[in-house]
Amino acid sequence: MSDGTVRDVTNASAWQSSNIALATVSSAGLVTFFGSGDVDVRATYQNVSGTLHLVVANVPVISMTISSAPSSPATSFQLTASARLADGSTQDVTRASAWESSNASIATVTGGLVTVVANGEVDIRATYQGTTGSAHIAVARPNGFTLTGFVTDAVTTQAIADVRVQLVGGGSSHTDDHGAFGIPVTEGRVLVEFSKDGYQIVEKDVTISGDAQMLVTLTPLAKSSSR
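Right under this line is the structure:
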């Protein structure tokens, strides 16, 4: 600080990775790696930034595992991909994997988010560093509609977990670790509120005539400085 003191501002800083395909950084400064290479991790507090340059060398992948699908009918659901490394550790590589569906007329997949097109069975594959994991999934669409989407930070563009997704006058849900959400909706006009501590509340007015998807950004609240 200007008075010569040092303050821990880890949780008060805005964190950013120069290459989110290689590494992401959480609001608490936790860095997660997805590949090998160079990346800059930046923290900004009161408009002053500090940067650390990292050179990442990945441990070889020996196997891949894909999480199981929900047992109930759903228009979409999020899968995760885990890589077992040669040193015995396990790493979440959902965002860094290349995803593929064996039958796009049954279900499609992007970033692990499966969208059910029709009832049936399909193989969902995730490939990371040349190693592929596969899950055979039976999918079925529910009778109603579903509103799905992703919530990200307006400053860092990172996914935000545990955002409350509330239908005004109806049900609610929360985003998962990848910022994804899904909530049942009925046909017609619905008002959706997105809220999380430390962020401005956002309301979206949506007209539902079928399954719908949206991308939402939340703006962090201004951090007050103390003297």
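Taking this note's numbering as reference, the numbering of the sequence shown is continuous, increasing by one, and the terminal residue is 241. We put the beta carbon where it would ideally sit given N, CA and C, even for glycine.
Which of the three DSSP states is assigned to residue i in this structure?
i	result
R241	Its pLDDT being 49, under 50, R241 is placed unreliably by the model, and nothing is read from it.
P198	strand
S8	Residue 8 falls outside the range modelled here, since the chain spans only 15 to 241, and no answer is possible.
Q105	strand
V62	strand
T129	strand
L235	coil
T170	coil
G134	strand
S111	coil
S116	coil
H192	coil
G147	strand
Using CA atoms only, rank isn't needed, just tell me which of the options is closest to residue i.
i	options	result
P198	D101, A100, S90	S90
P246	Q60, A95, A121, D54	For residue 246 there is no data in the structure shown, the boundaries of the chain being 15 and 241.
G126	D106, L36, S119, G144	D106
V123	V23, L93, T104, K218	L93
V153	Y142, V128, V177	V128
T221	D211, I76, E201, G212	E201
D79	T162, T104, N72	Asp is not the amino acid found at residue 79; the sequence shown has Thr there. Cα-wise, what sits closest to T79 is T104.
D190	Q214, G49, V75, G163	G163
L181	D219, G18, D211, I174	D219
W29	D22, A37, S41, R21	S41
A175	V62, T160, F195, Y59	F195
A118	S111, A112, I138, R109	I138
V62	S27, A37, L36	S27
G212	S82, G224, N25	N25
T141	A95, V177, L161, T58	A95
Could you tell me the boundaries of the beta strand (DSSP E) in which residue i lies?
i	result
G163	159-167
T124	121-124
V177	Per DSSP, V177 belongs to no beta strand (DSSP E) and is neither H nor E.
H188	186-188
R155	Careful: R155 lies outside any beta strand (DSSP E) and carries neither H nor E.
P50	The identity of residue 50 in the sequence shown is Ser, whereas the question assumes Pro. Premise fails: S50 is in no beta strand (DSSP E) and is neither H nor E.
S96	95-99
Review point. Between the segment 125-138 and the segment 63-74, do at least 3 Cβ pairs fall closer than 8 Å?
Key: No contact exists between the segment 125-138 and the segment 63-74.
Practice item. Could you tell me whether the segment 174-187 touches the segment 205-217, using the rule of 3 or more Cβ pairs below 8 Å? Key: Judged by Cβ distances under 8 Å, the segment 174-187 makes contact with the segment 205-217, as three or more pairs qualify.
Point to revise | Cβ contact check for the segment 219-237 and the segment 96-109: 3 or more pairs under 8 Å | key: Contact fails between the segment 219-237 and the segment 96-109, because fewer than three Cβ pairs, one in each stretch, are under 8 Å apart.
Point to revise | beta strand (DSSP E) runs wholly inside the segment 203-228, at least 3 long, in chain order | key: If we require 3 residues or more, the beta strand (DSSP E) runs fully inside the segment 203-228 come out as 216-222.
Practice item. Kindly provide the ranges of any alpha helix (DSSP H) runs that are 4 or more residues long and lie completely inside the segment 17-46, ordered along the chain. Key: Runs found: none.
Review point. Unbroken alpha helix (DSSP H) runs of length 4 or more, entirely within the segment 65-89: which are they?
Key: The qualifying runs do not exist here; there are none.
Review point. Using 8 Å as the threshold, is the segment 141-150 in touch with the segment 170-179, meaning 3 or more CB pairs across them?
Key: No, because fewer than three Cβ pairs between the segment 141-150 and the segment 170-179 fall closer than 8 Å, the two stretches do not touch.
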